[in-house]
Amino acid sequence: MGDAEARLRYLHEVIGLLYPPSATTTERTVLPHRLVPRRLVPRTRWHAVLGRGGRVPVPDGPDTIETYLGEVFGHPIRAVLRVRPARRANRKPILSAHAATDGTGREPLGFVKVGDSERARALIRHESATLRMLADRPLKTIAVPVVLHHGVWHGMDVLVLSPLPVTSAAAPPALLDAAVSEIASLGDDTPPVPSGGHAWHGDFAPWNVSPAADGRLLVWDWERFGTGVPLGFDALHHFLHRVLRRMGPVSATRACLARAVPLLAPFGLSAAEARRTAAHYLITLADRHDRDGHEPLGPASTWLNPLVDHLEPLL
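In my numbering, the protein residues as written are 2 to 316.
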């Protein structure tokens, strides 16, 4: 099954959850075309140009995710549904909420995550708790979303987060390193030694961070936040997912281990500590994939096992 087909199939499932039909249903929103199954937007003139083939009708009724969000914000809401890749361990519906009178051309009032599975609900609850914890911390380098609402609708967790002023600019290395250090300090770091006791964002990938106009780093998607890890996990995660854009998992993980020393030098780690930290990071990543039952890098036997001979002396 191709990506477009998988997205469309998942989209049909999501529509049934978020827009349950009623006796007075009208159809007001469509997916423009089967070839662009990325997001769902209110009907516009150019939809007719693309044709009717493959479009997805969305019921309008008195008990939809939009009516629920309207109660949260205190006025009518129109939502844009982001159709994320169907093959993800943390797959869930993601929406941006807009004032109904403004259409969807302006900045959203908030971003909405809907926990439509046991795994997704657990991740959402963890992110909500993490962001509430961060709201009480005197953060200087990073800026994070604010929890506007966390509730339950039709048995699904609904988390509404404040939008961040994201830009398309790349974050400078010094800012990334400072952010990694500040996040690491959020853990139980007594004593603060490289072998453990630090926190990490857990998914400090390039698409989850952006430099802000005030010099801080905007950081979102805190579903994987954790503590008790070696200093530098986030730096390694950012590097790995950056190089995965241009090389396969085997080459990328080898590069992650090979580049560990210069990557972690800004955090005061020795060469031996850096290599040991990279080994722990790659094993931790493989363990996560195994727990999720999802292998985005392929079986660990193809990308981790070949490194084992090099890793064993470091563990």
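Yeah, the Cβ is synthetic: ideal placement off N, Cα and C, and Gly gets one too.
Item	Value
Cβ-Cβ distance between alanine 273 and leucine 308 below 9 Å	no
Three-state secondary structure assigned by DSSP to glycine 229	strand
Top-ranked residue by Cα proximity to threonine 26, from Thr65, Val220 and Leu160	Thr65
Through-space distance from phenylalanine 240 to alanine 301, alpha-carbon basis	19 Å
Integer Cβ distance of valine 244 from alanine 253, believed to fall under 8 Å	5 Å
Nearest-angstrom Cα separation, counted from glycine 227 out to isoleucine 125	14 Å
Leucine 218 versus alanine 98 - alpha carbon distance	24 Å
Secondary structure of alanine 100, DSSP reduced to three states	strand
Burial state of proline 297 (16 or more Cβ within 10 Å)	exposed
With 16 other Cβ atoms within 10 Å as the buried cut-off, status of histidine 76	exposed
Histidine 239 - DSSP class collapsed to helix/strand/coil	helix
Where proline 139 falls, given that 16 or more other Cβ within 10 Å makes a residue buried	exposed
Continuous alpha helix (DSSP H) assignments of at least 4 residues falling wholly in the region 174-225	174-185
Lysine 141 classed as buried or exposed, judged by whether at least 16 other C-beta atoms fall within 10 angstroms	exposed
Beta carbon proximity, lysine 93 to chain B, threshold 9 Å	Absence of chain B from the displayed structure is noted, only one protein chain being present.
Identified DSSP bridge partners for aspartate 158	Gly116 and Val153
N-terminal and C-terminal residue of the alpha helix (DSSP H) that alanine 275 is part of	272-293
Aspartate 215 versus alanine 179 - alpha carbon distance	15 Å
Extent of the continuous beta strand (DSSP E) to which leucine 82 belongs	78-83
Glycine 55, DSSP secondary structure in three states	Confidence is the limiting factor: at glycine 55 the pLDDT is only 48, short of 50, which leaves the residue's position unreliable and the question unanswerable from this model.
Per DSSP, the bridge partner or partners of alanine 144	Leu219
CB of arginine 277 within 9 Å of CB of proline 231, strictly	yes
Local conformation of aspartate 64 per DSSP, three classes	coil
Three-state secondary structure assigned by DSSP to threonine 45	Bear in mind that a pLDDT of 44 at threonine 45, under 50, signals an unreliable position, so the number given afterwards is only what the model happens to contain. Note: threonine 45 maps to coil in three-state DSSP.
Alpha-carbon spacing of proline 63 relative to tyrosine 20, whole angstroms	9 Å
Valine 148 Cβ short of 8 Å to the ligand HEM heavy atom set	Among the components of this structure there are no ligands whatsoever, and the ligand HEM is therefore not found.
Burial state of glycine 229, where buried means 16 or more other Cβ atoms lie within 10 Å	exposed
Whole-number beta carbon distance between leucine 264 and alanine 236, since they are thought to touch under 8 Å	5 Å
Option nearest phenylalanine 112 by Cα separation, candidates Thr285, Pro267, Leu82 and Asn306	Leu82
Beta carbon of proline 94 nearer than 9 Å to that of proline 60	no
Boundaries (first-last residue) of the alpha helix (DSSP H) holding proline 307	306-312
Exposed unless 16 or more other CB atoms sit within 10 angstroms - verdict on glycine 52	At glycine 52 the pLDDT is 49, less than 50, meaning the model places this residue with poor confidence and gives no usable figure here.
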